[in-house]
Amino acid sequence: MKDLTALFVKLCVLQIYFSLNVKAKQIDSYCDDPYIDAIMWSFRENQTENDIIYIFRGQHFWKYNLMTGDLWDEKLIKQVWPDVKLPVTAISRFQADESVGKAVCENIIIVSRLEYWIYDCKEEYESNQTLRLTGIDCAEKYKK
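Residues -24 to -1, 1 to 120 (mature numbering (1 follows the signal peptide of the UniProt record, and there is no 0)) are what the sequence shown spells out, left to right.
What follows is the structure, encoded as C-alpha cells:
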C-alpha cells in the first residue's frame, strides 16, 4: 500500500509540474480521483532493465521503475496507439511462438471494453505505432 501511495504522490507532482509549465487551461488532478486503468510489464531484450512497467490512466501513460520508484516519460495513448478507444481496460504482451527458452515479446494486445487492438511489441513506444489486428470479443457481445 505504501508503494501505491508513493506512486499516486508522484502522479500528482507530475500533474502540477506539467500544468504549470504547459499553462493548461484546466487542471485534472490525479490525486482527487486516484486510479490506474491498466499496467503492462516492459520488454527489454538485455534483461537488465526489466524493472520498468507502463502505467495507463485516462488518456495518458507513463514509465515507472519498480526499483527506483521513478515515474517519467508521460505520453498520450492516442499519439502512440491512435486506433485504440479509451479508456484502456487491459494491456498485455504475448508471444505467438512458445519455444523453450524464447522470451521475446512479439505483440501487445490492448483491450477497451469488448474491443481489442494488436500491435508489435517494442522496447520503446514512440508515436504512431502500426496496427496489426483489431476485433471484438464476440463471446461477450452475444452473452445474455
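All C-beta atoms in this analysis are idealised placements derived from N, C-alpha and C, irrespective of residue type, glycine included.
| Check | Outcome |
| --- | --- |
| Exposed unless 16 or more other CB atoms sit within 10 angstroms - verdict on Cys97 | buried |
| Nonlocal neighbours in the same chain, by C-beta distance under 7 Å from Asp27, ignoring five residues either side | Asn41, Leu42 and Met43 |
| Other residues of its chain near Asp59: CB distance less than 8 Å, five sequence neighbours each side excluded | Trp93, Leu107 and Thr110 |
| Cut-off 7 Å between Cβ atoms - residues of its own chain near Ile112, not counting five sequence neighbours on either side | Leu90 and Glu91 |
| Alpha-carbon spacing of Asn104 relative to Trp57, whole angstroms | 6 Å |
| Candidates Val87, Leu52 and Lys54: closest to Thr65 by CA position | Val87 |
| Closest residue to Asp49 among Leu62, Ile29 and Ser68 (Cα-Cα distance) | Ile29 |
| Between the CA atoms of Glu102 and Gln55 - distance to the nearest angstrom | 8 Å |
| Helix, strand or coil at Val60 according to DSSP, with G and I counted as helix | coil |
| Given Asp9 as reference, the closest of Arg33, Ile15, Trp17 and Met16 once Cα atoms are compared | Arg33 |
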